[in-house]
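Order-wise, the sequence lines are chains A and B.
Basically my numbering = 1-based index in the first sequence + 4.
Position 38 of the second sequence, counted from 1, bears residue number 32 in my numbering, the numbering being contiguous throughout.
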Amino acid sequence: MAEHTHAPAATSPAHAVHAVHDEHDHRPHGWRRWVYATNHKDIGTMYLVFAGLMFLIGGSFAMVIRAELFEPGMQLVDPQFFNSMTTMHALFMIFGAVMPAWTGLANWLIPMQIGAPDMALPRLNNLSFWILPFAFTLLFSTLFVPGGAPAGGWTLYAPLMVQTGDAFPMTIFAIHMMGASSILGAINVIVTIMNMRAKGMGLLRMPLFVWTWFITAFLLIAAMPVLAGAVTMLLTDHYFGTTFFTATGGGDPIMFQHIFWFFGHPEVYILILPAFGVVSEIIPTFSRKPLFGYETMVYATASIGFLSFIVWAHHMFVTGIPLAGQLFFMLSTMLIAVPTGVKVFNWTATMYKGSLSFEPPMLFALGFLFMFTIGGFSGLMLALVPADYEYHGTYFVVAHFHYVLVPGAIFAIIGAVYYWLPKWSGKMYDMRLATWHFWLSTVFVNVLFFPQHFLGLAGMPRRIPDYAVQFTDWNMVSSIGGFAFGLSQLLFPYIVLKCLRSGEPATGRVWESAHGLEWELPSPAPYHSWGEPPSEALIARGAAH
Amino acid sequence: MVQKIAPKLAALTALLVSLSPAARAQSGWGEINMPRGVTMISQKIYDLHMLCFWVCVAIGIVVFGVMIYSMVVFRHSKGVVADTTLVHNTRIEVIWTIIPVCILIGVAVPAARTLIQISDTRNPELTIKVIGYQWGWQYQYLESGVSFFSKLDARSNAASQLDSGIDPNTVPNYLRDVDHPLVVPVGTKILLLITADDVIHSWWVPDLGVKMDAIPGYINEAWFAVDADKAGVYRGQCTELCGRGHAFMPIVVDARSKADFNAWLDSEEAAQKPGAPAQATTAAPAGAAPPTPAQLAEASAVR
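Structure follows, in structure tokens:
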């Protein structure tokens, strides 16, 4: 068994074997390495770089929105272009930034965490990534076609969406491609987790990041084809004379919303479940204490995944759905607070009687914990149908979902990068700068989004380019927060590039009490993560619960 | 010395005045909460909103309190050693599953009660059909046949053009005024039958506690009854993205005493009869019959 006992130090014999093995790999060089990539790390890197790029583009759309909303009156853009900005901002951030970032992290981490050499389906992996640049080039190019970019909101509601100009078929084709990419990625994750686990890596020994992604992948496979169906029906309504969503032809505009949100609600959990996984990895490490209630965390994630399919009509409380439907969807939505609460309590209990230190990954995880909970509170308020009659379609909703997506999903992604970057690159980053990145992001994300609660409650609808003057003050505050938050994010690529270029060498363990198989590998992790499967003893040591 | 202090005192006074409730009504800083509104339903919604808000605050104090306590007390830098045996406790996990369920039930019951009242559209005393267009509203008083269009007033429209050069702060009720408000009586149960002609819109007046989507092919129902002592003008706007002019289709409800309302309705009825003198009407713009949807669309396209 000795050869399987990977000591953290990079000089152990086992690692020497890895290193020799690696040099014999026929890895293509130059552009071929990326275009023909089948290695999970290369593909993961491409996903993450792509997501970062989309984050900057989607963020610049948001800057246009906040600039126009800085004061009342129309100063910068036409209302139609403003609507394009809100639509494109959402599409780029959801499908271009957050989802690919999670797939990138899955690619990097799942093989390392389950003791596998790579993902199960490497060529599929290549395909699922390379669809994305084409999809987003197509979507981005709609900005330059007659009629402008899609402006009907990311929800693509019929019949408004059918009024889109030449961008209409391009948008739909782009969405089809994004969906295909996500489905392929999800298939790969499921097949990898089902078949590639090292002997001894039982399901209930898997790290929570693997677990949350496993459940997310099922949500993806169930939800994305539904979106594909919805947009295909839009397409045939527009070009082939069908009237699925056209009342005058016997169709039903509300049916679009049912179909869309049957995809859309699982989709928001697709964006957040892997974040639960990341936070469940980071908090124990920096609390120097195993995760509290590992199994409950798994079951809570699974029940959130299940519930996500039976709450969709809470997006439609004011469409005139019947009382019984409103009551059902109100109660099912409130029920989600229970497993979500259990998770928050478990993270808190993990910190309780721990030994906490506040390195950048922990800071971002704690930021997640506090601010995601705030988003959860406003989510509970939104679940109450009578109150939703006032909240629906206002900035209160905008504040709610940005709290769960920005200091929620995005903070978790940033935290994940700061947590695993030394493992990936073999180098440490500038922790002082990363701490600055955290504090600037945290202060300004609240300046940006907290006043939007006020605006919504005071009566400001979302998706408007101009507003009544009593909303001026908080919009100015929000815009200032937005610009500052946007600028702060430029620190992120700088810190990562500086790390890659001139970071100090990292140890194998990186963080003194990190647990899990990936920390048993040297830093940087070998090209084919686990050329030989880890021993069961090693797996048991990694699974500290 | 006095000359030096005087401007500072003046500035301080101005600051204090600006923070006073009276000044706040003018500025936007005080606009941080839902209005209580002027109907029984809007007040129940407000109470439910505040109940849930304080429940969240209470939970937040406990949860954030434990988190902050842990962050302050259990610090590695203070030499604290982690208790690595504390990884599972069935009793506490059952407790923190059951307590939230009880809290949720406590909030769900009043929510369901209010919802049932909102859904009870029976026995209206007045029925108004509301039709959403890109971008304006049409109101039809079904009992009397009075009907008119209501769209953004001309001053707001001019000021809201790109680079209009007009300061919105100089326009009264910027983006919140229409040419022809919806006039209703107070103390009367009014049923709205809400639909749309082109895309989906949503009719929302926060003070009335009414928001309902206007959907082509559907007739949605909503009702409100303004408290008898709350005559006044209440403003709202479309809350479902409906295209380029979405921000520019406000709703103004003018709630009058029953006598004033009846007088208004009689004059409207007389004015809208075929052959009636054009100038008597407040309903149809330019003194003509109500514009057709096509005319309205054309007028809106100008903005």
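Each residue gets a CB set at the ideal place from its N, CA and C atoms; glycine is no exception.
Is residue i close to chain A, meaning its C-beta is less than 7 Å from at least one C-beta of that chain?
i, result
"W131/B", "no"
"T121/B", "no"
"K205/B", "yes"
"D77/B", "yes"
"M44/B", "no"
"H195/B", "no"
"L202/B", "no"
"N27/B", "yes"
"F68/B", "yes"
"M34/B", "no"
"L146/B", "no"
"N214/B", "yes"
Using only alpha-carbon positions, find the residue among the options that is nearest to residue i.
i, options, result
"V391/A", "V95/B, G22/B, N83/B, A102/B", "The amino acid occupying residue 391/A in the given sequence is Ala; Val does not appear at that position. Ranking V95/B, G22/B, N83/B, A102/B by Cα distance to A391/A puts A102/B first."
"Q84/A", "Q111/B, L156/B, P104/B, F142/B", "L156/B"
"L224/A", "G255/A, S185/A, A488/A", "S185/A"
"P175/B", "Y212/B, S154/B, D191/B, Q132/B", "Q132/B"
"M243/B", "P104/B, I125/B, T115/B", "I125/B"
"D248/B", "D260/B, R238/B, G230/B, A264/B", "G230/B"
"L386/A", "P179/B, I39/B, K145/B", "I39/B"
"F266/A", "T159/A, G345/A, M432/A", "T159/A"
"N117/B", "P268/B, D173/B, I184/B", "I184/B"
"Y531/A", "S429/A, L437/A, L311/A", "S429/A"
"S492/A", "V235/A, V447/A, I61/A", "V447/A"
"Y498/A", "W440/A, A529/A, L311/A", "W440/A"
"I188/B", "T115/B, G22/B, L80/B", "T115/B"
"M435/A", "G34/A, F368/A, Y161/A", "F368/A"
Using the beta-carbon of each residue, which ones in chain A are nearer than 7 Å to residue i?
i, result
"P162/B", "P76, G77, V473"
"G22/B", "Q474, F475, T476, D477, W478"
"Q155/B", "M78"
At least one CB of chain B closer than 7 Å to the CB of residue i: is that the case?
i, result
"M338/A", "yes"
"T352/A", "yes"
"G397/A", "yes"
"V342/A", "yes"
"P121/A", "no"
"D26/A", "With a pLDDT of only 49 at D26/A, under the threshold of 50, the placement of this residue in the model should not be trusted; the figure read from the coordinates follows. No, no contact with chain B."
"D46/A", "no"
"L327/A", "yes"
"Y356/A", "yes"
"G546/A", "no"
"D470/A", "yes"
"A304/A", "no"
"G419/A", "no"
"S527/A", "no"
"I543/A", "no"
"R436/A", "no"
Run down chain B in chain order and give the residues with a C-beta less than 9 Å from the C-beta of residue i.
i, result
"G281/A", "Result: empty, since nearest Cβ-Cβ is about 18 Å, beyond 9 Å."
Run down chain A in chain order and give the residues with a C-beta less than 8 Å from the C-beta of residue i.
i, result
"W217/B", "Those within 8 Å of W217/B in chain A number zero; the least Cβ separation is about 12 Å."
"N151/B", "Under the 8 Å cutoff, chain A gives no residues; its nearest Cβ is about 11 Å from N151/B."
"L80/B", "K293, F296, A353, Y356, K357"
Residues of chain A with CB closer than 9 Å to the CB of residue i, please, in chain order.
i, result
"Y135/B", "Correct list: empty, because the minimum Cβ distance to chain A is about 21 Å."
"S261/B", "The premise fails here: S261/B is roughly 30 Å from chain A at the closest Cβ pair, so nothing lies under 9 Å."
Name, please, each residue of chain B whose Cβ falls closer than 8 Å to the Cβ of residue i.
i, result
"N87/A", "L235, G237, R238, H240"
Compile a chain-ordered list of the residues in the stretch 170 to 183 of chain B whose CB is closer than 8 Å to at least one CB of chain D. Protein chains in the displayed structure are A and B, and chain D is not among them.
Can you list, in chain order, the residues of the stretch 472 to 492 of chain A whose Cβ is nearer than 7 Å to any Cβ on chain B? A472, V473, Q474, F475, T476, D477, W478
With three or more beta-carbon pairs closer than 8 Å as the criterion, would you say the stretch 202 to 221 of chain B touches the stretch 26 to 34 of chain B? yes
Touching by the beta-carbon criterion (3+ pairs, under 8 Å), the stretch 113 to 132 of chain B and the stretch 370 to 378 of chain A: no
Are the stretch 226 to 245 of chain A and the stretch 277 to 295 of chain A in contact at 8 Å, needing three or more beta carbon pairs? The answer is no - the stretch 277 to 295 of chain A does not touch the stretch 226 to 245 of chain A, with fewer than three Cβ pairs under 8 Å.
Against chain A: residues of the stretch 218 to 246 of chain B by CB proximity under 9 Å: R229, G230, Q231, C232, T233, E234, L235, C236, G237, R238, G239, H240, A241, F242, P244
How about the stretch 289 to 297 of chain A and the stretch 193 to 207 of chain A: do they share at least three Cβ pairs that are nearer than 8 Å? No contact exists between the stretch 289 to 297 of chain A and the stretch 193 to 207 of chain A.
Three or more beta-carbon pairs under 8 Å between the stretch 200 to 219 of chain B and the stretch 228 to 244 of chain B, yes or no? yes
To be precise: take each residue of the stretch 265 to 298 of chain A, compare its Cβ to all Cβ atoms of chain B, and keep it if any distance is under 9 Å. Which residues remain? F290, S291, R292, K293, P294, L295, F296, G297, Y298
For the stretch 96 to 108 of chain B, enumerate the residues whose C-beta is nearer than 8 Å to any C-beta of chain A, in chain order. Contacts with chain A (Cβ-Cβ distance below 8 Å) from the stretch 96 to 108 of chain B involve L98, V101, A102, A105, A106, T108, listed in chain order.
Counting pairs of Cβ atoms below 8 Å between the stretch 480 to 494 of chain A and the stretch 512 to 520 of chain A, do you hit three or more? no
Using a Cβ distance threshold of 8 Å, determine whether the stretch 49 to 60 of chain A contacts the stretch 455 to 471 of chain A, with at least three qualifying pairs required. no
Residues in the stretch 313 to 324 of chain A with C-beta within 8 Å of chain B's C-beta atoms, listed in sequence order? V322, T323, G324
By the 8 Å beta-carbon criterion, what residues does the stretch 125 to 143 of chain A contribute toward chain B? Under the 8 Å Cβ criterion, the stretch 125 to 143 of chain A contributes no residue.
Closer than 9 Å, Cβ to Cβ, to anything on chain B: give me those residues from the stretch 189 to 213 of chain A, in chain order. none
Does the pairing of the stretch 267 to 275 of chain A with the stretch 94 to 108 of chain A give three or more beta-carbon distances under 8 Å? yes
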